[in-house]
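Engineer: The numbers in my numbering rise by one with no breaks, and the one at position 179 of the sequence shown is 201.
I have a structure here, written as structure tokens, and I will follow up with some questions on it.
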Amino acid sequence: MIRILDILIEIYIFITTFIMTTNINTAVSTRQMTHVWLIGQMSQHLSETKLPSRKEVMSLFFYHKNIIKINVRDSARVTAVYVMTIWDNARIPTVQRSEGLKEKENNWQKNLDKLFDIAHADALNTIRILEDKEFLLLQRKEGRLVEFPHSYIRCVCYTKNMLNLKSHTSTHTGENSYKCDVCYKIFTRTNYLIKHMRIHSGKKALKCETCAKDKM
23 MIRILDILIE
33 IYIFITTFIM
43 TTNINTAVST
53 RQMTHVWLIG
63 QMSQHLSETK
73 LPSRKEVMSL
83 FFYHKNIIKI
93 NVRDSARVTA
103 VYVMTIWDNA
113 RIPTVQRSEG
123 LKEKENNWQK
133 NLDKLFDIAH
143 ADALNTIRIL
153 EDKEFLLLQR
163 KEGRLVEFPH
173 SYIRCVCYTK
183 NMLNLKSHTS
193 THTGENSYKC
203 DVCYKIFTRT
213 NYLIKHMRIH
223 SGKKALKCET
233 CAKDKM
């Protein structure tokens, strides 16, 4: 029975996890009330003339969970009883319930705090930036204590050209900064610093005769 329970739980986890990580319309119509994604229609019984398929077993499982409204573990247990009865009637030896089920449940629960890892199998070999590679390795360790480095910060600012983009990005990373030697104020571009220095020097800016804008 333990293998049946394991299969039921694994399939249930796969379905619920995949739904949470994909952009799926969850609106349910009346016709869909008894329909389970990837499984089909729920069923309250199994055929007694042939051994059940995984689809049929999961249909029965979701019937008890969604219609009868019992929890996942009890739904799995009830479904396992139905399945075992059919196999027993066929006089075929089956894997019996193991005393190690509780240990398996505890181990599975401990794994819940581990990284929900969807990285490509070859990610560590394809990542070119050392900082990114180290971050992934640290995230895979127990506790995931390391947070995103400052350079990971992203915003929705749009710029007209690459020069402006690099200048704006430096406001997040702190790179390519220019400091005033008098008041130590920091600027991201040299022209901002030059304009600021007029405050200390008293030098007036030149004005454009056409638009009257200040020029350096």
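Cβ coordinates follow ideal geometry from the N, Cα and C atoms, glycine included.
1. Could you tell me whether the Cβ atoms of Q63 and T71 are closer together than 8 angstroms?
2. Does the region 76-84 come into contact with the region 100-120, if we say contact requires no fewer than three beta-carbon pairs (one atom in each stretch) closer than 8 angstroms?
3. If you compare alpha carbons, which of Q66, I61 and L137 is closest to G165?
4. Helix, strand or coil, according to DSSP, for R53 in the structure here?
5. Can you find the residues in the same chain that come closer than 6 angstroms, C-beta to C-beta, to Q161, ignoring five residues on each side of it along the sequence?
6. Can you have a look at H172 and say buried or exposed, based on whether 16 or more other CB atoms are within 10 angstroms of its CB?
7. Determine the extent of the alpha helix (DSSP H) in which M106 is found, giving its start and end residues.
8. For K201, which of helix, strand or coil comes out of DSSP?
9. Expressed to the nearest angstrom, what Euclidean distance is found between the alpha-carbon atoms of L21 and I140?
10. I'd like to know whether the C-beta atoms of I108 and L134 end up nearer to each other than 8 angstroms.
11. Looking at V117: is its Cβ nearer than 8 angstroms to the Cβ of P74?
12. Do you know how far the Cα of Y206 is from the Cα of T44?
13. Assign I114 to one of three DSSP states: helix, strand, or coil.
14. So, at 8 angstroms on beta carbons, what are the nonlocal neighbours of E78 in its own chain, with the 5 sequence-adjacent residues on each side left out?
15. Quick one: what's V58 bridged to in DSSP?
16. Using only the alpha-carbon positions, how far apart do Q58 and K91 sit?
17. Rounded to whole angstroms, how far is the Cβ of F209 from the Cβ of H222, which I believe are closer than 8 angstroms?
18. Is T52 buried or exposed, if buried means 16 or more other CB atoms sit within 10 Å of its CB?
19. Candidates L60, Q131 and I89: which alpha carbon is nearest R76's?
20. On the criterion of 16 or more Cβ atoms from any shown chain inside 10 Å, does K201 qualify as buried, or is it exposed?
Structural biologist: Per the coordinate set shown:
1. For this step, residue 63 is matched to residue 41 along the sequence shown. For this step, residue 71 is matched to residue 49 along the sequence shown. Not in contact: Q63 and T71 (Cβ atoms no closer than 8 angstroms).
2. yes
3. Within the sequence shown, residue 165 is the residue found at index 143, counting from 1. Answer by Cα proximity: L137.
4. As a position in the sequence shown, residue 53 is number 31, starting the count at 1. With a pLDDT of 49 at R53, under the threshold of 50, the predicted position of this residue should be treated as unreliable, though the coordinate-derived value follows. It is helical.
5. On the sequence shown, position 139 is the one that residue 161 refers to. Correct list, in chain order: L137.
6. Within the sequence shown, the letter at position 150 stands for residue 172. Note that H172 scores 49 on pLDDT, short of 50, meaning its location in the model is unreliable and no value can be drawn from it.
7. Residue numbering aside, residue 106 sits at position 84 when the sequence shown is read from its first letter. Segment V94 to N111, the alpha helix (DSSP H) holding M106.
8. For the purposes of this step, residue 201 is taken as the residue at position 179 of the sequence shown. Of the three classes helix, strand and coil, the one that applies to K201 here is strand, per DSSP.
9. Residue 21 lies beyond the residue range present for the chain, which begins at 23 and ends at 238; the question has no answer from this structure.
10. Working through the sequence shown from its first residue, we reach residue 108 at position 86. Working through the sequence shown from its first residue, we reach residue 134 at position 112. No. Outside cutoff.
11. Mapped onto the sequence shown, residue 117 falls at position 95. Mapped onto the sequence shown, residue 74 falls at position 52. Going by C-beta atoms, V117 is not nearer than 8 angstroms to P74.
12. Sequence index remark: in the sequence shown, residue 44 carries index 22 (1-based). Sequence index remark: in the sequence shown, residue 206 carries index 184 (1-based). For T44, the predicted model reports a pLDDT of 46, less than 50, meaning its position is unreliable; a value from the coordinates is still stated below. Distance between the alpha carbons of T44 and Y206: 48 angstroms.
13. Reading the sequence shown from its first residue, position 92 is the one you call residue 114. The answer is coil: DSSP assigns I114 none of H, G, I, E or B.
14. Along the sequence shown, one-based indexing puts residue 78 at 56. So the qualifying residues of the chain are S65, L68 and S69.
15. Counting from one through the sequence shown, the residue named residue 58 turns up at place 36. V58 pairs with G62.
16. On the sequence shown, position 36 is the one that residue 58 refers to. On the sequence shown, position 69 is the one that residue 91 refers to. A quick correction: the sequence has Val, not Gln, at residue 58. If I take the Cα positions, the gap works out to 15 angstroms.
17. Walking along the sequence shown from the start, residue 209 turns up at place 187. Walking along the sequence shown from the start, residue 222 turns up at place 200. Rounded, the Cβ-Cβ distance is 14 angstroms, inconsistent with contact.
18. Here residue 52 corresponds to residue number 30 of the sequence shown, with the count starting at 1. Legend: pLDDT at T52 = 48, less than 50; position of this residue unreliable, value from coordinates given subsequently. So T52 ends up on the exposed side.
19. To locate residue 76, count along the sequence shown from 1; it is residue 54. For the residues L60, Q131 and I89, the minimum Cα distance to R76 belongs to L60.
20. Start at 1 with the first residue of the sequence shown, and residue 201 comes out as number 179. Classification for K201: exposed.
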